[in-house]
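Protein chains in written order, with my numbering: chain A, 1 to 212; chain B, 1001 to 1239.
To keep things clear, I will list the structure first and then write my remarks on it.
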């Protein structure tokens, strides 16, 4: 299932959170050879994890992490502006309708469904919070994965080659692509909606409280 | 509640405001234009300085502070350090302290419906822009469906205005257009189509869209046409 969790709530899902940061170490350090920091417990974290980002996490049936990504609003501090600003023509990306999506990560034993499910989670964020675009940083390998799940970004800028290639890309929201992403992920829109409401508080269960 | 809002008019009034007190006047005007009960804007900066303005009654503000509701108010606990807009129905009102607070708020005319927009600004600044009203669920849903996007924009423009008055604030470059943005806006002002602008500047149309969006937000504009007009009137582009 998909969970949407702010950093300051990760302690409520401590095993899931730990396995997410360990899988990030495995993906970014071990497999991709990125210059990232790993702490003593084997977790990969950077300065943006300290800014209370919102994580979208695929939880495996056994409770462990299957895949995840991290969101921050571009009106505050974000990686694309602070570290990769030179890749976007020197134009800082800043808008209440654009969020940054980084650290897209899949665990080694994630099924092919997981990437699609995460994209669907991105679609829920866009349609519920009025977000028009995600801007993100990703490596070359991800281009193929994004294409496979029917959610290819437009590349705004690129540096490096081969394994070291880093891209800044842009995703746009359209209601049509939401349905397509849901279909490819093999997840009914109603189920996706239920997971979203479970994380953000369903509008229906609170009815009583407000009218009581 | 209003169906159609002349947001452009509101933004012009907001932009012309040059004092902190002026923001209070604007917030009252906006409340009247939307024909809703209340709007409140509240911010906390990186060193804990606070500022707020809004239309709640002085009695409620006094009561809120006296009771220390800041610690139990589900709107505050549900929005602090977050960044997605929230309908109050999605917040957790189940605790006893939340129910006590809610009863008191209703008695003070806050309204049974609310929508809050948390804002994350530069340097760890946090602000909250909230509207509230008394009506049934269906009416409220229709209203927020229709206006939430405008309200998000308005919230951020209010915040930017408030940041202008922050003491000791470091001047930021964020509102001058970058050379790339100047190029884009100039060509659009000259009547080039998006495709022509993209081709002229050797960028994709998607990249172009992001440049236009960032320029639009810097200029405090509603849409591209509005942004071009503003850039021209401020002398940022010359056609």
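Just so it is clear, CB atoms sit at the ideal spot from N, CA and C, and this is done for glycine as well.
None of the values given here were measured: they were computed from a predicted structure.
Original post:
How would you list, in chain order, the residues of chain B whose beta-carbon sits under 7 Å from the beta-carbon of residue 8/A?
Top reply: 1081
**OP:** Check the Cβ of residue 1210/B against every Cβ in chain A and list those closer than 8 Å, keeping chain order.
**Re:** 88, 91, 93, 98, 133, 135, 156, 170
Original post:
Taking 8 Å as the CB-CB cut-off, is residue 13/A touching chain E?
Top reply: Absent here is chain E; the protein component of the structure consists of chains A and B.
**OP:** Report the option in 50/A, 113/A, 1/A whose CA atom is closest to the CA atom of residue 184/A.
**Re:** 113/A
Subject >> Cβ separation of residue 1065/B and residue 1165/B, assumed to be a contact under 8 Å, to the nearest whole Å >> reply: Not a contact, Cβ separation roughly 22 Å.
Original post:
Anyone know if the C-beta pair for residue 22/A and residue 29/A falls short of 8 Å?
Top reply: no
Original post:
CA-CA distance, residue 59/A and residue 67/A?
Top reply: 8 Å
Original post:
How is residue 183/A classed by DSSP in three states: helix, strand or coil?
Top reply: helix
Original post:
How about the segment 1112-1124 of chain B and the segment 1134-1143 of chain B: do they share at least three Cβ pairs that are nearer than 8 Å?
Top reply: yes
Original post:
Which of the three DSSP states, helix, strand or coil, is assigned to residue 167/A?
Top reply: strand
Subject >> Residues near residue 1048/B by beta carbon distance below 8 Å, same chain, minus five either side >> reply: none
**OP:** Just the C-alpha distance for residue 208/A and residue 1092/B, rounded to the nearest angstrom, thanks.
**Re:** Residue placement at residue 208/A cannot be trusted, given a pLDDT of 45 that sits under 50; what the coordinates show is reported in the next sentence. Distance between the alpha carbons of residue 208/A and residue 1092/B is about 11 Å.
Original post:
Excluding five sequence neighbours on each side, which residues of the same chain lie with their C-beta closer than 7 Å to the C-beta of residue 212/A?
Top reply: Annotation note: pLDDT 43 at residue 212/A (below 50); position unreliable, no value reported.
Original post:
So, is the C-beta of residue 102/A closer than 8 Å to a C-beta in chain B?
Top reply: no
Subject >> Any C-beta of chain A under 8 Å from that of residue 1084/B >> reply: yes
Subject >> Exposure label - residue 44/A; buried when at least 16 CB within 10 Å >> reply: buried
Original post:
In this structure, does DSSP put residue 190/A in helix, strand or coil?
Top reply: helix
**OP:** Under 7 Å between beta-carbons, which chain A residues line up against residue 1152/B? List them in chain order, please.
**Re:** 96, 130
Original post:
Residues of chain A with a CB under 7 Å from the CB of residue 1156/B: which are they?
Top reply: 75, 96
Subject >> Alpha-carbon spacing of residue 10/A relative to residue 1090/B, whole angstroms >> reply: 19 Å
Original post:
Which residues in the same chain as residue 100/A place their Cβ atom closer than 6 Å to its Cβ, once the five residues preceding and following it in sequence are excluded?
Top reply: 72, 74, 78, 80, 135
**OP:** Reducing DSSP to helix, strand and coil, say where residue 1119/B ends up.
**Re:** strand
Subject >> Neighbour list for residue 52/A in chain B, Cβ cutoff strictly below 7 Å >> reply: 1081
**OP:** May I ask you to list the residues that DSSP assigns as paired with residue 1039/B?
**Re:** 1131/B
Original post:
If you drop the 5 nearest sequence neighbours on each side, which residues of the same chain put their C-beta closer than 6 Å to that of residue 160/A?
Top reply: 166
Original post:
Is residue 200/A close to chain B, meaning its C-beta is less than 8 Å from at least one C-beta of that chain?
Top reply: yes
Subject >> Start-to-end residues for the beta strand (DSSP E) that takes in residue 69/A >> reply: 65-73
Original post:
Does the count of Cβ pairs from the segment 46-63 of chain A and the segment 104-123 of chain A closer than 8 Å reach three?
Top reply: yes
**OP:** Could you work out which residues of chain A lie near residue 1120/B, taking near to mean beta carbons separated by less than 7 Å?
**Re:** 73, 75, 76
**OP:** Taking only the alpha-carbon atoms, compute the straight-line gap between residue 1025/B and residue 153/A and give it to the nearest angstrom.
**Re:** 43 Å
**OP:** Kindly give me the distance between the Cβ atoms of residue 1126/B and residue 1120/B, rounded to whole angstroms, as I take these residues to be in contact under 8 Å.
**Re:** 6 Å
Original post:
residue 1179/B: which of 92/A, 142/A, 148/A sits nearest, CA to CA?
Top reply: 92/A
Subject >> Segment contact, 8 Å Cβ cut-off, at least three pairs: the segment 1181-1194 of chain B with the segment 1033-1043 of chain B >> reply: no
Subject >> Euclidean distance between Cα positions of residue 1233/B and residue 1206/B >> reply: 27 Å
Original post:
residue 69/A: buried (16+ other C-beta within 10 angstroms of its C-beta) or exposed?
Top reply: buried
Original post:
My guess is that residue 105/A and residue 24/A are in contact by the Cβ rule of under 8 Å, so how many angstroms apart are they, rounded?
Top reply: 5 Å
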